[in-house]
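Here the sequence shown is numbered in the working numbering, starting from 427 and rising by one per residue. C-beta atoms are modelled at their ideal positions from N, C-alpha and C, and glycine is treated no differently. Below is one structure; the comments refer to it alone.
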Amino acid sequence: MATPQQRPLSDMCVLIADDNVDGADSLAALLEIAMQCRVLIAYDGASALHLATEHQPDAMVLDIRMPRLDGIGVARAVRAGSSRPPLLLAATGQADIAEDLPEIDLCFDQAFAKPVDPDQIVDALKLHWLGGPARIAAPPFELSDLFTRTAREVARVVKARGHQLSFDYRGPFVVLAADEAPLHAALFRLPCAVADMMRTGFLIFSSDVQAEPDGSCLVTVNAAGTGGPVSPQRVSEIVARLGLTEQADDEPGTSQAEGSCPNSKGRVEFASRTSEGVLLRLELRCTPLRIDGEVADAQGGEAWIVGENEVGSALLERRLQRLGWQVQHHASCIDASIALGSEPRPPAPRLVIVHQGARNTVQRAILLQRELPVRTRLLFEVAPGATNVEHAEAAGCEVRVAPLSPRELHELTADCSPAGDTRPAPFVAGVVDNRKPVVLVVDDNRVNRVVASGLVEALGYDAVTVGDGLDAIEHCKRSPPSVVLMDVNMPVLGGVDAARRIRELQVLGRIAPFPIVAATADADPEVEAGCLAAGMDGFLAKPLRLAALAHELRRVAPPTGRIAPVVLAGTR
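Dropping the structure here:
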């Protein structure tokens with residue numbers, strides 16, 4: 427996009443190209459009234475390219491499908507012929523554009539589904555020409571919480587491919603005041619790339635944060651994989667997808683590459699050895715608002731991990747040991763119950779974490795809880811997206827989503843210490859940002875948008891609406907929501923194709939990750955399977971029911987707290 431000009435709107439020249447004569451003329455008249463700018467009109471692609479070459483407009487609004495030369499061809503030619511191309515906006519009412527999405531994304535700054543709201547075009551033109559309004563300060567966020575949320579999103583990708591995931595965060599609690607979406611996208615794309623490089627195996631997602639003497643922090647993120655690798659050609663394709671440059675390496679079976687992360691501006695390194703595995707590393711520096719290296723200490727207290735997955739239990743054991751816990755592992759609730767009654771009696775655990783599994787159900791966790799001392803805290807840990815969260819809570823379990831965050835482990839350790847809560851949780855954890863999570867409602871039917879947004883708001887979320895899958899993609903690029911509620915059948919770009927494209931952009935690091943839930947009147951098993959295959963996380967039948975919507979939103983996006991600005995008073 428060209429640099430905004432500090433000139434009046436009347437100096438702006440806009441070229442509209444559309445083979446729908448009435449549509450082009452109407453939009454031109456509206457722009458002339460709303461912006462008092464100069465407007466050129468073409469009714470086919472070849473004429474549009476001729477006018478663009480002759481007049482060098484500041485912005486172009488191009489229909490995708492036109493005779494003689496389509497809008498993509500015009501945009502491609504304009505970009506190739508200018509070092510500072512104009513703002514390029516696409517508009518289309520065609521129903522078969524799914525295959526064109528990568529090219530549209532490459533050639534245009536924004537794309538809109540027809541019928542286009544003229545106000546959207548005016549806003550885009552003004553933003554380009556005059557610059558945006560003063561940016562609202564982003565709410566601060568805590569770095570380890572962001573890593574944990576990313577790990578939970580990665581866990582769904584890894585599980586779908588049959589891989590195992592290891593997550594760890596080492597370092598102090600760090601509060602940053604910045605837009606977290608670019609960093610969120612940067613973190614997510616690394617383990618996704620590693621997962622794409624493996625057929626089967628084990629994926630490690632870890633971070634190390636070090637406070638520097640100058641007040642900054644050095645953040646090192648590792649995404650590594652070991653297991654059955656894909657072909658060297660496929661690895662090279664993924665490295666190119668990340669924008670990395672391959673480096674010469676004389677050792678057989680070894681490859682290296684490096685480059686910069688477009689989101690975080692950090693340095694990215696790649697290394698691969700056929701017999702051992704792959705590694706992607708991101709290094710970046712940040713200037714925090716606050717660093718808190720204080721950690722709770724369990725002082726040798728007993729913690730029990732109850733779970734069938736030995737690898738997952740071992741990883742959690744290591745994290746608990748760093749907080750001063752003595753850790754025992756039991757494969758099932760029954761084994762833990764037997765241990766409680768054994769002679770000589772073992773020390774009573776202060777903390778018990780039960781991983782949900784075939785041998786560790788909600789009912790067995792409740793029975794185990796009844797045998798434990800009153801002061802013992804039992805958590806029932808479920809995988810991201812688990813369907814029985816509400817059932818477990820109703821049965822009396824304290825439910826947490828895996829993996830547990832560093833802040834959760836700190837708070838648990840402080841609460842379970844022998845003297846009670848002796849150390850404050852970092853950054854006044856009970857004080858959270860009051861902003862509500864945002865649900866993007868995508869539906870071509872205005873009545874459905876009103877109904878769905880009303881239900882969403884009744885559940886305590888904020889709602890934003892768009893009328894087509896193409897508009898949903900553009901909205902998610904600019905402002906990633908907490909959840910997308912996606913209609914399936916829409917006139918220009920349907921929900922399945924829109925979800926598939928959003929997932930592609932998330933893997934590329936272009937959009938931060940979030941759940942997508944389908945909402946459709948076509949509640950057919952094949953439709954549901956298609957939605958899930960496209961990367962959606964859930965499926966709801968219309969008409970929407972409040973209870974079902976509440977359950978699904980809670981399942982795919984459990985509540986998370988953010989650090990509130992009030993806690994930053996007096997920080998460095």
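Residue 555 (DSSP reduced to helix, strand or coil): Three-state result, residue 555: helix.
Residue 807 classed as buried or exposed, judged by whether at least 16 other C-beta atoms fall within 10 angstroms: Taking a 10 Å sphere around the C-beta of residue 807, we find 16 or more other C-beta atoms and assign the residue as buried.
Where residue 937 sits in the DSSP three-state scheme: The answer is coil: DSSP assigns residue 937 none of H, G, I, E or B.
Alpha-carbon spacing of residue 851 relative to residue 786, whole angstroms: Because residue 851 carries a pLDDT of 48, less than 50, the predicted location of this residue cannot be relied on, and the following value inherits that uncertainty. CA-to-CA, the gap between residue 851 and residue 786 works out to about 30 angstroms.
Minimum C-alpha distance to residue 841 - residue among 722, 895, 687: Answer by Cα proximity: 722.
Buried or exposed by the 16-neighbour rule on C-beta atoms within 10 Å, applied to residue 673: Exposed.
Closest Cα partner of residue 552 within the set 642, 903, 435: Ranked by Cα distance from residue 552, the first of 642, 903, 435 is 435.
Length at least 3, wholly inside the region 428-477: the beta strand (DSSP E) runs in chain order: You should have 439-443, 464-468.
C-beta atoms of residue 732 and residue 759 nearer than 8 angstroms: Taking C-beta atoms as the reference points, residue 732 and residue 759 count as a pair closer than 8 angstroms.
Cβ-based burial, residue 925 [other Cβ within 10 Å; buried from 16]: The residue is buried, with at least 16 neighbouring Cβ atoms inside 10 Å.
In DSSP terms, what residue 711 is bridged to: Beta-bridge pairing links residue 711 to 644.
Residue environment, residue 973, which counts as buried when at least 16 other CB atoms sit within 10 Å: Around the beta carbon of residue 973, fewer than 16 other beta carbons lie within 10 angstroms, which makes this residue exposed.
Beta-carbon contacts of residue 529 that lie in its chain and below 6 angstroms, excluding the five residues immediately before and after: So the qualifying residues of the chain are 498.
Residue span of the alpha helix (DSSP H) that contains residue 423, given as start and end: Since the first residue shown for the chain is 427 and the last is 998, residue 423 is missing from the structure and cannot be characterised.
Member of 705, 809, 599, 978 whose CA lies at the smallest distance from the CA of residue 717: Relative to the Cα of residue 717, the nearest Cα in the group 705, 809, 599, 978 belongs to 599.
Any 3 or more C-beta pairs closer than 8 angstroms across the region 819-836 and the region 791-810: Contact between the region 819-836 and the region 791-810 is present, because at least three Cβ pairs lie under 8 angstroms.
Distance CB(residue 704)-CB(residue 650) smaller than 8 angstroms: Cβ atoms of residue 704 and residue 650: closer than 8 angstroms.
Stretch-stretch touch, CB-based, cutoff 8 angstroms, three pairs: the region 935-946 with the region 901-913: Taking 8 angstroms as the limit for Cβ pairs, the verdict is that the region 901-913 does touch the region 935-946.
For residue 486: DSSP bridge partner residues: Note: residue 486 sits in a beta bridge opposite 441, 514.
The region 978-985 in contact with the region 952-961 per 3-pair CB rule at 8 angstroms: Counting C-beta pairs closer than 8 angstroms gives fewer than three between the region 978-985 and the region 952-961, which falls short of the contact rule.
Buried versus exposed call for residue 891 [16 or more other C-beta atoms within 10 Å across all chains shown]: With 16 or more other Cβ atoms within 10 Å, it is buried.
Assigned exposure category for residue 875 - 16 Cβ within 10 Å defines buried: Buried.
Other residues of its chain near residue 701: CB distance less than 8 angstroms, five sequence neighbours each side excluded: Contacts found: 679.
Buried versus exposed, by CB contacts within 10 Å (16 or more), residue 756: Under this definition residue 756 is a buried residue.
Same chain, Cβ closer than 6 angstroms to residue 697, neighbours up to 5 away in sequence not counted: Answer for residue 697: 682, 705, listed in chain order.
Where the alpha helix (DSSP H) through residue 744 begins and ends: 736-747 is the span of the alpha helix (DSSP H), which, as asked, contains residue 744.
Residue closest to residue 920, alpha-carbon to alpha-carbon, out of 839, 539, 638, 547: That would be 539, whose Cα lies nearest to the Cα of residue 920.
CB contact flag (residue 664, residue 619, <8 angstroms): Taking 8 angstroms as the Cβ cut-off, residue 664 and residue 619 qualify as a contacting pair.
Contacting residues, own chain, Cβ-Cβ under 6 angstroms from residue 613 (five flanking each side not counted): Taken in chain order, the residues that qualify are 576.
Cβ neighbours of residue 646 in the same chain (closer than 7 angstroms, five flanking residues each side left out): Once the five neighbours on either side are set aside, the close Cβ partners of residue 646 are 633, 634, 707, 709.
Buried versus exposed, by CB contacts within 10 Å (16 or more), residue 517: Residue 517 is buried by the Cβ-count criterion.
Per-residue DSSP class, three states only, for residue 783: Reduced to three states, the DSSP call for residue 783 is strand.
Beta carbon of residue 835 nearer than 8 angstroms to that of residue 803: Cβ distance not < 8 angstroms, so residue 835 and residue 803 don't count as in contact.
Rounded separation between residue 491 and residue 520 - CA only: Rounded to the nearest angstrom, the two C-alpha atoms are 8 angstroms apart.
Inter-stretch contact (C-beta, 8 angstroms, three-pair minimum) for the region 468-477 and the region 494-509: Taking 8 angstroms as the limit for Cβ pairs, the verdict is that the region 494-509 does touch the region 468-477.
Residue 631 (DSSP reduced to helix, strand or coil): For residue 631, the three-state secondary structure derived from DSSP is strand.
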